[in-house]
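Here's the structure we're looking at; comments come further down.
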Amino acid sequence: VLISIGVYLLIALGRHVPQQDTRSYITDKQAQNFLFSLLDTQIPCITTTYSVQELIVDCAQNPIISCQGQSSCEILNQTIETALNETFKEWGTHYELKLEKPAYIYSEGCTANSEKSAKALQPIPITFGYTTKAEFGVCR
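In my numbering, the protein residues as written are 76 to 215.
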């Protein structure tokens, strides 16, 4: 009986996972991890730090955050472009990052008809009852 259970476990655990499923899972996780990490990235200012998510919220409203002469929208744009350039663009991976409000789209190699092999979506509360969203996708 123990030998039968051992053989069953060996077969069950040793099953080959199709490489396509593994790649898809990794790409999905990569998209989710990138978006969540980006939103949590801390941007130092003179006396405080702001997360990218805080900059999105400020920029989506009447921007009041200013750091070294730049508005929250300018800092947000620079931070996102740098993060994308140093990761997905450098790796030659096609991507699209959309912010609903402020209305920004960062895209490299994606078209309106591109199929997204991975997608991550994060709602972001702006004020009571209002949200915006950030959506990141890896295109084929």
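By construction, the Cβ of each residue, glycine as well, lies at the ideal position given by its N, Cα and C atoms.
The residue among I199, Y170, P200 with its C-alpha nearest the C-alpha of R215 is Y170.
Per DSSP, the unbroken alpha helix (DSSP H) holding Q128 starts and ends at 127-135. Closest by C-alpha distance to Q107, out of T207, L196, P200, is L196. Just measuring C-alpha positions, the residue of P177, Q128, F163, A178 sitting nearest Q105 is F163. Here E183 carries a strand assignment [DSSP, helix/strand/coil].
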